[in-house]
Amino acid sequence: MEVRTRFAPSPTGYMHIGNLRTALFAFLFAKHHNGKFILRIEDTDQKRYVEGATEVIYNTLKIAHLNHDEGPDIGGNYGPYVQSERKDIYQKYAKMLVESGHAYYCFCDPDEKEEQGFGYNRHCRNLSKEEIEKNLSEGKPYVIRQKVPLSGTTTFVDEVYGTITVENESLDDQVLLKRDGLPTYNFANVVDDHLMNITHVIRGKEYISSTPKYQLLYEAFGWKPPKTIHLSTIMGRNEDGSVSKLSKRHGSVSFNNLLEEGYLSDAIVNYISLLGWNPKSEQEIFSLDELIKHFDVDGIVKSDAIFDYKKLDWFNAQYIQKLDHETFKNASMPYIKDLPKPIFDKWDFASTLAQSRINKFSDIVPLFAFLSDFKIDTSLFENKKNKLDKLQSRDILVKIFPLLASTEFEVENLNTLLSKYAEHKEMKIGKLMWPVRIAVTAHTVTPGGAGEMLYLLGKEESLRRIHASIDALNVDLGEPLLDMKEQPIEEEEIEFMK
RNA sequence: GGCCUUAUGGUCAAGGGGUUAAGACGCCACCCUCUCAAGGUGGAAUCACGAGUUCGAAUCUCGUUAAGGCUACCA
Numbered sequence: 004m005e006v007r008t009r010f011a012p013s014p015t016g017y018m019h020i021g022n023l024r025t026a027l028f029a030f031l032f033a034k035h036h037n038g039k040f041i042l043r044i045e046d047t048d049q050k051r052y053v054e055g056a057t058e059v060i061y062n063t064l065k066i067a068h069l070n071h072d073e074g075p076d077i078g079g080n081y082g083p084y085v086q087s088e089r090k091d092i093y094q095k096y097a098k099m100l101v102e103s104g105h106a107y108y109c110f111c112d113p114d115e116k117e118e119q120g121f122g123y124n125r126h127c128r129n130l131s132k133e134e135i136e137k138n139l140s141e142g143k144p145y146v147i148r149q150k151v152p153l154s155g156t157t158t159f160v161d162e163v164y165g166t167i168t169v170e171n172e173s174l175d176d177q178v179l180l181k182r183d184g185l186p187t188y189n190f191a192n193v194v195d196d197h198l199m200n201i202t203h204v205i206r207g208k209e210y211i212s213s214t215p216k217y218q219l220l221y222e223a224f225g226w227k228p229p230k231t232i233h234l235s236t237i238m239g240r241n242e243d244g245s246v247s248k249l250s251k252r253h254g255s256v257s258f259n260n261l262l263e264e265g266y267l268s269d270a271i272v273n274y275i276s277l278l279g280w281n282p283k284s285e286q287e288i289f290s291l292d293e294l295i296k297h298f299d300v301d302g303i304v305k306s307d308a309i310f311d312y313k314k315l316d317w318f319n320a321q322y323i324q325k326l327d328h329e330t331f332k333n334a335s336m337p338y339i340k341d342l343p344k345p346i347f348d349k350w351d352f353a354s355t356l357a358q359s360r361i362n363k364f365s366d367i368v369p370l371f372a373f374l375s376d377f378k379i380d381t382s383l384f385e386n387k388k389n390k391l392d393k394l395q396s397r398d399i400l401v402k403i404f405p406l407l408a409s410t411e412f413e414v415e416n417l418n419t420l421l422s423k424y425a426e427h428k429e430m431k432i433g434k435l436m437w438p439v440r441i442a443v444t445a446h447t448v449t450p451g452g453a454g455e456m457l458y459l460l461g462k463e464e465s466l467r468r469i470h471a472s473i474d475a476l477n478v479d480l481g482e483p484l485l486d487m488k489e490q491p492i493e494e495e496e497i498e499f500m501k
């Protein structure tokens, strides 16, 4: 029999990462078995209607490459795939249940609060036929409730969690059809999964508690229940150290947020595939096709998993580094908009520096902050590894200034000039590069070395910054300020420039 | 409160009676290096607790504790 799984989100306007993971597993399971993956929109809650929410779902699935075989946007043989369009179907089946004695009309007031915590008091469970007819003919609003057996037990076998048995008396007479005529999720999912021939229901484990009631419904209809594969919950760590279901307070939790921050769709999918599932091998980087190939229910983990942004960062960095440079460059464009204009022209080069240094595209902004954030801190010129103090740094800068002033600012020129000069002066390259890089960026961490930074800043700005650094150093050292344009170039430097 | 589920380092997790209890992220150190990354190498760090079964328990059983879920005319 062909495997058919479904992803049945309600259109909330955004795709929570936990939902995406459910979709992923349902997709992987179906595709692993050469089956069909169906999309069904669960919009039975009118109050929750959000404009454009179904588009978010379509787009997410498309971007993540979780292509469905049937759904509202592409049709299929089991439509309609939007629950609000299936109203009549649910009513028909609800009435069938009433007739067979597995459900009943309930005319109770919706807010007639039943004794707290013990569910509905079953007031209407045993109304006489006459009473029901009377209420109905008076047009009294009603809901239809499931008539759960008062004794005995109900058992189902979950593919992940195993056999689960509950006492029927712990189950309540849940509402099947609401006052507005629409079904509850609890009813609609049973009817639809059966009618759409779903063989494996893959969903979050918050539904385990409700599954016995669904089981009873299938039995009442005389239908064969689909197999269930419940998935653990993706959790987030709170500031106080506690853990709760991943939500906005933990950071970005929607697929779109993550995309906006500059995470790659493939990296996100890869990471969440390993949240609650393990491939029983040491492989961690998986393409979607590989996931399809290796996915197996045996690898599904029962316990909840905490979403770790650090590990997502690592996955994303892996994917970013693998991008061919052209793709990287294009994908990074939206993130350099806030950077000073000149960098835009040199992005071809600058992006090569960025690619191995960022975890996500939004990291580009702080990486290049030195372009506009230039606040000299003379203490940075002291560097013990290169055995440098402020005085030496100042002297080096003073000597290198005229050389730079007469050089064309291209990366190769700059780098050869600097390294040749260091060689000429018989100093370690770092001893020269450090003060130059600091002078020109005022940052200890920069996206590239001194040569690259000079090039990115351009001649004019570079010289201006070096001059300013020399001035600051002199002030600090209590020495007179120099006007670099008037400084005589020493013989040795003249000789070097040959 | 009742019911259901879960429990291996900080995190993802392998391991299902005998193991030096894998691997990855993160962290730390070192190497590389003009900084930071990237890349190397190495290191610290885990079986929630208590009984029981057994020659032997992270592994099986029971209990406790903790966490999560359900207990909606939400899904």
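Per our numbering, residue 4 is the first one in the first sequence, and the count goes up by one each step.
The beta-carbon is built from N, C-alpha and C at its ideal position, and this holds for glycine as well.
For clarity, every value in this text was computed on a predicted model and none was experimentally measured.
- Using a Cβ-Cβ distance cut-off of 8 Å, the segment 196 to 212 and the segment 144 to 154 are not in contact, since fewer than three pairs of beta carbons, one from each stretch, lie closer than that value.
- Annotation: T15 is outside any alpha helix (DSSP H) and is labelled neither H nor E by DSSP.
- Short of 7 Å from the beta carbon of D474, and not among the five residues preceding or following it, lie these beta carbons of its own chain, in chain order: L484.
- For H197, the enclosing alpha helix (DSSP H) starts and ends at Y188 to L198.
- Distance from the CA atom of M487 to the CA atom of E415, rounded to whole angstroms, is 25 Å.
- At a Cβ-Cβ threshold of 8 Å, D327 and N362 do not count as neighbours.
- By the 16-neighbour rule on beta-carbons within 10 angstroms, T214 is buried.
- Per DSSP, R206 is one residue of the beta strand (DSSP E) stretching across H203 to G207.
- For the pair L130 and L139, the Cα-to-Cα distance works out to about 12 Å.
- In this model, F32 and I432 are separated by some 57 Å (Cα to Cα).
- Under the three-state reduction of DSSP output, W226 falls in the coil class, being neither helix nor strand.
- Taking C-beta separations shorter than 6 Å and ignoring five residues to either side along the sequence, the partners of F258 in its chain run M18, L23 and T63, following chain order.
- Residue environment for K314: exposed (fewer than 16 other C-beta atoms within 10 angstroms of its C-beta).
- Closest by C-alpha distance to I167, out of Q218, V59, D243 and G302, is Q218.
- Taking 8 Å as the cut-off, the beta carbon of I66 is found no closer than this to the beta carbon of F310.
- For A106, the uninterrupted beta strand (DSSP E) segment begins and ends at A106 to C109.
- C-alpha of V178 to C-alpha of G78: approximately 30 Å in a straight line.
- Counting of Cβ neighbours within 10 angstroms places Q86 among the buried residues, the total reaching 16 or more.
- Taking a 10 Å sphere around the C-beta of F347, we find fewer than 16 other C-beta atoms and assign the residue as exposed.
- Two segments are said to touch when three or more pairs of C-beta atoms, one from each, lie closer than 8 Å; by this definition the segment 331 to 341 does not touch the segment 286 to 294.
- R252 and G244 have their C-alpha atoms spaced approximately 13 Å apart.
- Note that the C-beta distance between F364 and Y338 is below 8 Å.
- Runs of the beta strand (DSSP E) lying entirely within the segment 115 to 170, each at least 3 residues long, are 146 to 149, 156 to 161 and 165 to 170 in chain order.
- At a Cβ-Cβ threshold of 8 Å, L400 and S465 do not count as neighbours.
- In the displayed model, E413 falls within coil according to three-state DSSP, outside both helix and strand.
- In the structure shown, the three-state DSSP call for V300 is helix.
- Annotation note: the segment 374 to 420 contains the following uninterrupted alpha helix (DSSP H) runs of length 4 or greater, listed N- to C-terminal: 393 to 408.
- Our two residues, E5 and K39, have alpha carbons roughly 8 Å apart in a direct line.
- For I41, the enclosing beta strand (DSSP E) has its first and last residue at K39 to L42.
- With a threshold of 16 other beta carbon atoms within 10 Å, P228 meets it and is buried.
- G239 is bridged by DSSP to S247.
- In the assembly as shown, R9 is a buried residue. Its beta-carbon has 16 or more other beta-carbons within 10 Å.
- A straight-line Cα-Cα distance of about 29 Å links V300 and A320.
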